[in-house]
DNA sequence: ATGTATTCTGAACAATGTTCAATATATTTG
DNA sequence: CAAATATATTGAACATTGTTCAGAATACAT
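Spelled out as structure tokens, the structure:
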């Protein structure tokens, strides 16, 4: 009976797509069960036949957005060999993605995680996401003998923290005030981290 | 008729104190108008005689917590002369304060700012807070000729971003998992930033 | 003490997420 | 093809949220 599975998956897809559209355009504050169902063309009660609750639905969107982000960055950095330049491209792509979709950044880092999932796994997956994107490059720097493992571990943490902070300040405080300045400052800070 | 003013201020104080207690112990998710009023010993409707809405109440708490944090750090760093060591103490005190009260960190950085205030001022005050605490030290480093103004501007931004990121990861992802490790890593990262 | 001003409060409203019994639709069976 | 059964969809209903407002309780003034 795989027909059932296909139909069910399609239904889930409608709700997921609706949710992602709202998140992309309006962020988390645009989300409500009735709104999602409206957008999907069903009653709000129908949603509960396909998802435990709205948190599960949002949780799925987090995964989808991560995949989207990962794919985009992979394409941007495809031609660059591993190492510092590749790493810079990844970080820049990461910053680009979330500044294009501030609502998704908010969903990832700002929203109370308990609203998405209480599991520790979820937090790890969200907060460890950037690190997984950079993993190969850091490893490469160790293998090349450019940097000691201890130094890489430190820089790695700093890169994660710095990036999160950059987005937090830019998207929430609008500091710096415009995109070119932001990119400029971000590049400077990342350079400082990688070279210094 | 200043008696009225005093009484009114006292009433406001009851609600503010109740709100602060909840924020300290349970964070933003513990907040509700009825809960605050209960804690203050009044009906929820009474709250609206003294505050425009709950956002104004929370906004006041933000200011109070900042003052509390500032005072504590000032005391910790009182005996240290301006410069890098003083700066480190301030940053450490800042990290300490928010790890002691994770709910306040959440209130400051995680909660949707629109839930507190829509004004740009508020965002500036929250996100610029750490920077004001460090202002004198950065200025000192320039005046001493230790670092160029441009270099200080860069490090300054990095310090803000790094600190926010550190707290974000520690409090949300529990990474690193324990307090001593966190302090250790934080110190290392700050040293790297200031020396390197 | 009586009348007026002020302060306090529960009822009520709209919006939220969620549940559930009933309705509508699909599927199977005779 | 019709009847019976299983499944899918739905709105009504509930609890909880922030907020408003008319009236009740209290304080103050005459």
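Chains as they are written, first to last, in our numbering: chain A, 74 to 269; chain B, 74 to 269. All residues carry an ideal CB built from backbone N, CA and C; glycine is no exception.
1. To be precise: take each residue of the stretch 197–229 of chain A, compare its Cβ to all Cβ atoms of chain B, and keep it if any distance is under 7 Å. Which residues remain?
2. By the 10 Å Cβ neighbour count, where 16 or more other Cβ atoms means buried, how is residue 224(B) classified, buried or exposed?
3. Could you give the first and the last residue of the continuous alpha helix (DSSP H) run that contains residue 125(A)?
4. Return the CA-CA distance between residue 179(B) and residue 75(A), expressed in angstroms with no decimal places.
5. Just by C-beta distance, which residues in the stretch 234–250 of chain B are closer than 8 Å to chain A?
6. Using the rule of at least 16 other Cβ atoms within 10 Å of the residue's Cβ for burial, across every protein chain shown, is residue 232(B) buried or exposed?
7. Excluding five sequence neighbours on each side, which residues of the same chain lie with their C-beta closer than 7 Å to the C-beta of residue 63(A)?
8. Buried or exposed: residue 236(B), going by 16 or more other Cβ atoms within 10 Å of its Cβ?
9. Check residue 192(A) in the structure and name its three-state DSSP category.
10. Excluding the 5 residues flanking residue 130(B) on each side, which residues of the same chain have their C-beta closer than 8 Å to its C-beta?
11. Output, in chain order, the set of chain B residues within a Cβ distance shorter than 9 Å of residue 183(A).
12. Rank 111(A), 175(A), 252(A) and 161(A) by C-alpha distance to the C-alpha of residue 211(A) and give the top, closest one.
13. With a CB to CB cut of under 7 Å and the five nearest residues on each side skipped, what residues in its chain are close to residue 150(A)?
14. Taking the beta carbon of residue 246(A) as the centre, do at least 16 other beta carbons fall within 10 Å, making it buried, or is it exposed?
15. For residue 175(A), which residues in the same chain have their Cβ closer than 8 Å to its Cβ, ignoring the five residues on either side in sequence?
16. Which of the three DSSP states, helix, strand or coil, is assigned to residue 220(B)?
17. Distance, Cα to Cα, residue 136(B) vs residue 199(B)?
18. By the 10 Å Cβ neighbour count, where 16 or more other Cβ atoms means buried, how is residue 230(B) classified, buried or exposed?
19. Does residue 265(B) come within less than 9 Å of chain A when only Cβ atoms are used?
20. Determine, for residue 108(B), whether the minimum Cβ-Cβ distance to residues of chain A falls below 9 Å.
21. With distance defined between alpha-carbon atoms, name the residue in 155(B), 177(B), 183(B) and 170(B) nearest to residue 133(B).
22. Measure from the alpha carbon of residue 183(A) to the alpha carbon of each residue in 241(A), 147(A) and 206(A), then state which is nearest.
23. List the residues of chain A whose Cβ lies closer than 8 Å to the Cβ of residue 262(B), in chain order.
24. Leaving out five residues on either side along the sequence, give the residues of the same chain with a beta carbon under 7 Å from the beta carbon of residue 107(A).
25. Using a Cβ cut-off of 7 Å, pull out every chain A residue sitting near residue 258(B), in sequence order please.
26. For residue 145(B), which of 206(B), 201(B) and 98(B) has the nearest alpha-carbon?
27. Who are the near neighbours of residue 153(A) in its chain, counting only those whose CB is closer than 7 Å to its CB and skipping five residues on each side?
28. Report yes or no: is there a C-beta of chain B within less than 9 Å of the C-beta of residue 128(A)?
29. Mapping the DSSP letters down to three states, classify residue 174(A) as helix, strand or coil.
30. Report yes if the C-beta of residue 259(A) is less than 8 Å from at least one heavy atom of the ligand ATP; otherwise report no.
31. Compare the C-beta of residue 193(B) with all C-beta atoms of chain A and state if any pair is closer than 9 Å.
32. Express the C-alpha separation of residue 138(A) and residue 258(B) in angstroms, rounding to a whole number.
33. Mapping the DSSP letters down to three states, classify residue 75(A) as helix, strand or coil.
34. Residue 154(A) by DSSP, collapsed to three states: which one?
To lay it out plainly:
1. 197, 200 and 227
2. One-based indexing of the second chain puts residue 224(B) at position 151. By the 10 Å Cβ count, residue 224(B) comes out exposed.
3. Locating residue 125(A) in the first chain gives position 52, where the first residue counts as 1. Counting along the chain, residue 125(A) falls outside any alpha helix (DSSP H), and DSSP gives it neither H nor E.
4. Position 106 of the second chain, counted from the first residue, corresponds to residue 179(B). Position 2 of the first chain, counted from the first residue, corresponds to residue 75(A). One C-alpha to the other measures close to 45 Å.
5. 234, 235, 236, 237, 238, 239, 241, 242, 245, 246, 247 and 248
6. Position 159 of the second chain holds residue 232(B). It counts as buried.
7. Lying outside 74 to 269, the shown extent of chain A, residue 63(A) is not represented and no answer is given.
8. The residue labelled residue 236(B) in the question sits at position 163 within the second chain. By the 10 Å Cβ count, residue 236(B) comes out buried.
9. Start at 1 with the first residue of the first chain, and residue 192(A) comes out as number 119. Coil at residue 192(A), not helix or strand.
10. Here the question's residue 130(B) lines up with position 57 in the second chain. Excluding positions up to five away in sequence, the list reads 88, 89, 92, 109, 120 and 124.
11. Reading the first chain from its first residue, position 110 is the one you call residue 183(A). Ordered by position in chain B, the residues that pass the 9 Å Cβ test against residue 183(A) are 182, 183, 184 and 185.
12. By 1-based counting over the first chain, the position of residue 211(A) is 138. The shortest Cα separation from residue 211(A) among 111(A), 175(A), 252(A) and 161(A) belongs to 161(A).
13. Position 77 of the first chain holds residue 150(A). Cβ within range, chain order: 159, 162, 163 and 166.
14. By one-based count along the first chain, residue 246(A) stands at place 173. The residue is buried, with at least 16 neighbouring Cβ atoms inside 10 Å.
15. On the first chain, position 102 is the one that residue 175(A) refers to. Excluding positions up to five away in sequence, the list reads 100 and 244.
16. The residue you call residue 220(B) lines up with position 147 of the second chain. In this structure, residue 220(B) counts as coil in the three-state DSSP scheme.
17. The sequence position of residue 136(B) within the second chain is 63, counting from 1. The sequence position of residue 199(B) within the second chain is 126, counting from 1. Cα to Cα, residue 136(B) sits roughly 9 Å from residue 199(B).
18. Numbered from 1 along the second chain, position 157 holds the residue referred to as residue 230(B). Classification for residue 230(B): buried.
19. The count along the second chain starts at 1 and reaches residue 265(B) at position 192. Yes, contact with chain A.
20. Taking the first residue of the second chain as position 1, residue 108(B) is located at position 35. Taking Cβ atoms only, chain A never reaches closer than 9 Å to residue 108(B), which makes this a no.
21. In the second chain, counting from the first residue as 1, residue 133(B) sits at position 60. Residue 133(B) has its Cα closest to that of 177(B), out of 155(B), 177(B), 183(B) and 170(B).
22. As a working note, residue 183(A) is residue 110 in the first chain. Of the candidates 241(A), 147(A) and 206(A), the one whose C-alpha sits nearest the C-alpha of residue 183(A) is 241(A).
23. Residue mapping note: residue 262(B) aligns to position 189 of the second chain, counting from 1. Here the neighbours are 227, 230, 231 and 234.
24. Along the first chain, read from residue 1 onward, the residue named residue 107(A) stands at position 34. Taken in chain order, the residues that qualify are 117.
25. Working through the second chain from its first residue, we reach residue 258(B) at position 185. Here the neighbours are 230.
26. By one-based count along the second chain, residue 145(B) stands at place 72. For the residues 206(B), 201(B) and 98(B), the minimum Cα distance to residue 145(B) belongs to 206(B).
27. By 1-based counting over the first chain, the position of residue 153(A) is 80. These residues qualify, in order along the chain: 159 and 162.
28. Reading the first chain from its first residue, position 55 is the one you call residue 128(A). Chain B, which has no Cβ nearer than 9 Å to the Cβ of residue 128(A), makes this no.
29. Along the first chain, read from residue 1 onward, the residue named residue 174(A) stands at position 101. The three-state reading of DSSP puts residue 174(A) in coil, since its state is none of H, G, I, E or B.
30. Of the ligands one can find in the structure shown there are none, so the ligand ATP has no counterpart to examine.
31. Start at 1 with the first residue of the second chain, and residue 193(B) comes out as number 120. Judged by the 9 Å Cβ criterion, residue 193(B) is in contact with chain A.
32. As a working note, residue 258(B) is residue 185 in the second chain. As a working note, residue 138(A) is residue 65 in the first chain. Between residue 258(B) and residue 138(A), the C-alpha separation is close to 30 Å.
33. Translated into positions along the first chain, residue 75(A) becomes position 2. In the structure shown, residue 75(A) sits in a helix (DSSP, three-state: H, G or I).
34. Here residue 154(A) is taken as the residue at index 81 of the first chain, counted from 1. Under the three-state reduction of DSSP, residue 154(A) is assigned to coil, being neither helix nor strand.
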